[in-house]
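S.K.: One structure, pasted below without further comment.
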Amino acid sequence: QVQLVESGGGLVQADGSLRLSCAASGSRFSINAMGWFRQTPGKQRELVASITSGGSTNYADSVKGRFTISRDNAKNTVYLQMNSLKPEDTAVYYCNAYIFRVYWGQGTQVTVST
Numbered sequence: 754q755v756q757l758v759e760s761g762g763g764l765v766q767a768d769g770s771l772r773l774s775c776a777a778s779g780s781r782f783s784i785n786a787m788g789w790f791r792q793t794p795g796k797q798r799e800l801v802a803s804i805t806s807g808g809s810t811n812y813a814d815s816v817k818g819r820f821t822i823s824r825d826n827a828k829n830t831v832y833l834q835m836n837s838l839k840p841e842d843t844a845v846y847y848c849n850a851y852i853f854r855v856y857w858g859q860g861t862q863v864t865v866s867t
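Printed below as a string of structure tokens:
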């Protein structure tokens, strides 16, 4: 059973930084793409950033230049470095991993105060 466990969320002031981590376990197979999504009440979950096993990245326009996604394949872990945070970045952040199907973590709250 594949499990994804996120950590690193919390409360931060605007212009501050946070680093999210997501560790995958339980898979006998290599993980293909991994990514971070976020969701606020009443809205659909949206892509924040994704990264392939080869290191190719993709970002939402709203976070380009501020967020950086990276991964450690040996540790099956994906990271999201978030800098210059804005109140509109407040959301529950979910990581996912594609291993023949998509798996999701439980989510971690990020709150950016003014």
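Everything in the sequence shown is counted per the numbering used here, starting at 754 for the first residue and increasing by one.
Each residue gets a CB set at the ideal place from its N, CA and C atoms; glycine is no exception.
1. Could you say which of Thr843, Asp825, Cys848, Val855 lies nearest to Thr864 if we only look at CA atoms?
2. Around the C-beta of Phe790, are 16 or more other C-beta atoms found within 10 angstroms, so that it is buried, or is it exposed?
3. With a floor of 3 residues, list each beta strand (DSSP E) that falls wholly inside the region 770 to 817, ordered by position along the chain.
4. Kindly indicate which residue of Gly769, Ser866, Glu759, Met787 has the alpha-carbon position closest to the one of Asn811.
5. May I have the straight-line CA-CA distance separating Phe853 from Arg781, to the nearest angstrom?
6. Can you pull the DSSP bridge partners for Gly763?
7. Work out the CA separation of Tyr851 and Trp857 for me, nearest whole Å.
8. Would you check if the distance between the CB atom of Glu759 and the CB atom of Cys775 is smaller than 7 Å?
9. Taking Thr830 as the reference, give the member of Asp814, Gln797, Leu773 with the closest Cα.
M.R.: Reading it off the structure:
1. Walking along the sequence shown from the start, residue 864 turns up at place 111. For Thr864, the nearest C-alpha among the options comes from Thr843.
2. Counting from 1 along the sequence shown, the entry for residue 790 is found at position 37. By the 10 Å Cβ count, Phe790 comes out buried.
3. 771 to 778, 787 to 792, 799 to 804, 810 to 812
4. Along the sequence shown, read from residue 1 onward, the residue named residue 811 stands at position 58. The candidate whose alpha carbon is nearest that of Asn811 is Met787.
5. Taking the sequence shown and counting its residues from 1, one reaches residue 853 at position 100. Taking the sequence shown and counting its residues from 1, one reaches residue 781 at position 28. Approximately 12 Å between the Cα atoms of the pair.
6. Counting from one through the sequence shown, the residue named residue 763 turns up at place 10. Bridge partners of Gly763: Val863.
7. For the purposes of this step, residue 857 is taken as the residue at position 104 of the sequence shown. For the purposes of this step, residue 851 is taken as the residue at position 98 of the sequence shown. Their backbone Cα atoms lie some 9 Å apart in a straight line.
8. Your numbering for residue 759 matches position 6 in the sequence shown. Your numbering for residue 775 matches position 22 in the sequence shown. Yes, the pair counts as a contact, with Cβ atoms nearer than the cut-off.
9. Within the sequence shown, the letter at position 77 stands for residue 830. Checked all of Asp814, Gln797, Leu773; the closest Cα to Thr830 is Leu773.
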